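Structure first, then comments.
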Amino acid sequence: MESSKLGNLIRIGSHEILSCTLLGLNADHDTMRFLDINFRQAVEKVCGILFYEYQNELYYPIAMEFRLIDNNVLFLLNELGIDSFYELSQLLKSSFKREEEREVEFFAVIKKLDSLPKFSQKIEKLHFSTSDKVLRV
Amino acid sequence: MKYSEVKISDLVDIDDLDMMKVIFSSGDYFPGFYRYTLGTQRVGDESLSLNTLIWMYFEQKMTGKKLHKEYWLDLQHEIHDRDVASETARNARNFPSVRNKFSEKMMDWYFKGNGFDIAYQDIFSKVECFERDTTYYFMGSLIRYQNEKLHIGFNQFQSSSALELEVGFDKVQEYLNEIFSPKQLGDLFLYADIVAQLKFGADDLGELIFNEDTLDALLLKNSDIKVFGAPFHSQNLPMRFAKCIRFTNFKRGESGEFEAWQSDQNW
C-alpha cells in the first residue's frame, strides 16, 4: 500500500480505521514512532504528547488534537485549565484505567522551533516538574 | 500491530492539503477520551429539541420571558453528577484528587461562562456525500466547505471558524471517498449547524438569539432533532462540540407556559 511521509496520521487507500499513539522518538531525535491500531485493540504502556516550543511558549499541533484520540489536550489544558503535565498525565492515566483497564505512562516531547508553528494553538499555561518524563529536542 | 514513523519536521511543515487529510483520518467510531458523540450517550426526550428551542424563542419575543441558567442547565448538572462527580466518588482508588479537580473544573467550564452557541445535530437524515455550503458534525467539530476553503470549527452564526484550509473541493471529496465507505461516511458525519445563541446577563437569565432568516427552514426539520451547546469562550477549540453540553427540555404546562420536562426515567 502507498504510504505518506506522515505515516498513518494520513490514512491512504483503505477504509480501515486506525488510531495513532505516539510511542517514542528514534535516536535522530526527529522521527516519531507511532502504533497504528484500532483503539480498542491497543495494548501499549506508554503514550507521548508532542508540543512545539517557540520563543519560550508552548504550542500544540491541531493535527494531534484530531488524530490522537487518547488525549484531547487542547480541551484539557486551554479550556479546563489543567496547568501541570503531572495533572494532565494523572487525568489521562485515570481515564485509561477506568475506560480501558490499562496502566499507561505519559511522556512529553517538546520540539524547539525557530519559527511560529502553523496549524497549532498556544498553550496558555503548562508547567513541568522534574519527575515528569520530558524529551526536549 | 502496525507501526509507522513520522518526522516531526514533516509535521511542522504540513500543508493545507495534508492537514485536511489528517483531520478526516481522525474519523473513528470510538470518540476518544473527554469527547462524546451521539453514539456514546443516550439522548432522549429529556434533552432540548430544536423545535422547542424555536418556540421558546417565539415566546421570548412575545412575552419577554427568559429562563434562569439553572433551568437551562439542570439536565447537564444531572449528567455531570452521574458521569463525573458520582463516578469519582464511587471509584475512590482511581486518582481521586485529580478526578475531583477535573469534576470541579468541568462544572466551571460549562456553568460559569456567559453563554452558549447552540447547534443542532440531525441524526434522522443520513449523509450520503460531502457537499459544498453544508455544515457537518464530525468528531466533535463543525466542518463546512465554503468559498473555496474547508472550515474547521465553523460557526455559521458568526461566519467564523477556528481553522481555514485552502484546498480544492474536488480534493476533499476525492479523499473522503478514498478513506470512507458510504456507510462510514453516513455514520461519522451528521448534518449540523450553529443556529442560535443563549446569552446570560448579570441576572443569569438566558436570552435566546436567532437569525430570523433561518427560522422557516429550521421549523421544517424533524421536530425530534436535538440541540447542544458549546460555551462562548471555547470558540478557538477546533473540536468545541466534542463535549455536547445538553440543555433541559421544556414543554408547555397547564398554564400554557414552558416548564422543565420531567420524567421518572434515568438518563
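Residue numbers (the working numbering), protein chains in the order written: chain A, 2 to 138; chain B, 1396 to 1662.
Using N, Cα and C, we set each Cβ at its ideal position, and we do this for glycine too.
Treat the numbers as computed from the prediction; the structure is a model and nothing was measured.
Chain B contacts made by the segment 80-94 of chain A, where a contact means CB separation under 8 Å: Taking 8 Å as the Cβ-Cβ cut-off, the segment 80-94 of chain A approaches chain B at E80, L81, G82, I83, E88, Q91, L92, L93, K94, given in chain order.
What does the Cβ neighbour count give for B/D1413, buried or exposed, with the cut at 16 atoms within 10 Å? By the 10 Å Cβ count, B/D1413 comes out buried.
Do B/G1510 and B/Q1592 count as a contact pair if the criterion is CB distance below 8 Å? In contact: B/Q1592 and B/G1510 (Cβ atoms closer than 8 Å).
Contact list for B/L1558 against chain A, beta-carbon separation under 8 Å: Near B/L1558 (Cβ distances below 8 Å), the residues of chain A are I63, F120.
So B/Q1579 is in the alpha helix (DSSP H); what residue range does that whole segment cover? Segment 1577-1583, the alpha helix (DSSP H) holding B/Q1579.
Contacts that A/D115 makes with chain B (C-beta to C-beta distance below 9 Å): By Cβ distance, chain B contributes nothing, its closest Cβ being about 10 Å from A/D115, past 9 Å.
Of the listed residues B/D1512, B/G1648, B/R1477, nearest to B/A1587 (C-alpha basis): Measuring from the Cα of B/A1587, the nearest candidate turns out to be B/D1512.
If you check the beta carbons only, do B/L1443 and B/F1605 fall under 8 Å apart? With contacts defined as CB atoms closer than 8 Å, B/L1443 and B/F1605 fail to qualify as a contacting pair.
Kindly indicate which residue of A/G8, A/N79, A/N73, A/L89 has the alpha-carbon position closest to the one of B/R1677. Because chain B spans 1396 through 1662 in this model, residue 1677 of chain B falls outside it and cannot be assessed.
For chain A, check one thing: does any of its Cβ atoms lie closer than 8 Å to the Cβ of B/G1601? For B/G1601, the answer is no, since every Cβ of chain A falls outside 8 Å of its Cβ.
Shorter than 8 Å from the beta carbon of A/S132 to some beta carbon of chain B? Interface with chain B (8 Å Cβ-Cβ cutoff): A/S132 is excluded.
What is the rounded straight-line gap between the Cα of B/K1464 and the Cα of A/L36? Looking at the two C-alpha atoms, the distance is approximately 44 Å.
Under 8 Å, Cβ to Cβ, is there at least one residue of chain A near B/V1479? So, not an interface residue.
Give the DSSP-derived three-state secondary structure of B/Q1471 in the structure shown. Here B/Q1471 sits in helix by DSSP.
Among the candidates A/F67, A/S95, A/L26, A/I13, whose CA atom is the shortest distance from the CA of B/I1403? With distances taken between CA atoms, B/I1403 lies nearest to A/L26 out of A/F67, A/S95, A/L26, A/I13.
For the segment 1444-1472 of chain B, which residues have a CB atom closer than 8 Å to at least one CB atom of chain A, in sequence order? Identification of residues in the segment 1444-1472 of chain B having a C-beta nearer than 8 Å to some C-beta of chain A yields an empty set.
Which same chain residues end up closer than 8 Å to B/R1527 when comparing Cβ atoms and leaving out the 5 residues on each side of it in sequence? Residues Y1540, Q1541, F1564 of the same chain have their beta carbon placed closer than 8 Å to that of B/R1527, with the five preceding and five following residues left out of the count.
Inter-residue CB distance, A/F67 and A/A109 (contact presumed, cutoff 8 Å): That pair is no contact at about 19 Å.
Is it buried or exposed, A/N57, if we count other Cβ atoms within 10 angstroms and call 16 or more buried? Exposed, by the Cβ-count rule.
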